[in-house]
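For the sequence shown, the working numbering begins at 2 and goes up steadily by one.
Ideal placement from N, C-alpha and C gives every residue a C-beta, glycine not left out.
As the structure is a prediction and not an experimental result, all values here were calculated from the model.
Note sheet for the following structure.
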Amino acid sequence: MERQNSFPPWKWIVALAIVAGLALLAYNLLPTKPIIQTEVLYRVIDLSEIGGKKTKVIAYNGIGDLVGEYEKLDGTKGAFLWNEKDGFQDLGDFGGSLSRANAIDNNRWIVGYSQDSTNREKAFQWTEETG
Numbered sequence: 002m003e004r005q006n007s008f009p010p011w012k013w014i015v016a017l018a019i020v021a022g023l024a025l026l027a028y029n030l031l032p033t034k035p036i037i038q039t040e041v042l043y044r045v046i047d048l049s050e051i052g053g054k055k056t057k058v059i060a061y062n063g064i065g066d067l068v069g070e071y072e073k074l075d076g077t078k079g080a081f082l083w084n085e086k087d088g089f090q091d092l093g094d095f096g097g098s099l100s101r102a103n104a105i106d107n108n109r110w111i112v113g114y115s116q117d118s119t120n121r122e123k124a125f126q127w128t129e130e131t132g
């Protein structure tokens, strides 16, 4: 008695097509280029020279200047400018307990706000020329 193949030829063709498709898919998922370690584009900077309890950087202008607010030892908050060349610079205040620098551009113009002695908030613009 002759044994019959219970698996019809068309099913072999379908199975072969599925295997070929999966192999092609797996091949395309492999990376085509080697992964190369690139140069680190950031670094951590210790701003402890500012002093006080906390330092919060609010803005960076892309050329090395950082601005924000820091908490002084007496609990008040002051606006600051920092860069590697000049270090830390307090931007002053209007006599209140809070001053904060919110933004800086590439010309080093800084905008922010500060409280006066009655705790009313006032906007400021700071430049190297005008302070």
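In whole angstroms, give me the CA-to-CA distance for residue i and residue j.
i      : j      : result
Gln90  : Phe81  : 6 Å
Asn120 : Ser98  : 7 Å
Asn62  : Val20  : 55 Å
Leu42  : Gly132 : 32 Å
Val15  : Gly22  : 10 Å
Gly65  : Ala24  : 50 Å
Given residue i, which residues of its chain have a CB within under 8 Å of its CB, disregarding the five upstream and five downstream residues?
i      : result
Leu123 : What sits at residue 123 in the sequence shown is Lys, not Leu. Answer for Lys123: Phe95, Tyr114, Ser115, Gln116 and Asp117, listed in chain order.
Determine, using beta carbons only, whether residue i and residue j come nearer to each other than 9 Å.
i     : j      : result
Glu70 : Arg109 : no
Val68 : Val58  : yes
Starting from residue i and walking both ways along the beta strand (DSSP E), at which residues does that stretch end?
i      : result
Ser100 : Gly96 to Ile105
Asn84  : Lys78 to Asn84
Lys57  : Thr56 to Tyr61
Ile111 : Ile111 to Asp117
Leu67  : Leu67 to Glu72
Less than 6 Å between C-beta atoms, sequence neighbours within five positions excluded: which residues of the same chain meet that for residue i?
i     : result
Gly53 : Tyr71, Glu72, Lys73 and Leu74
Taking contact to mean at least 3 C-beta pairs separated by less than 8 Å, is the stretch 96-107 in contact with the stretch 69-84? These segments touch.
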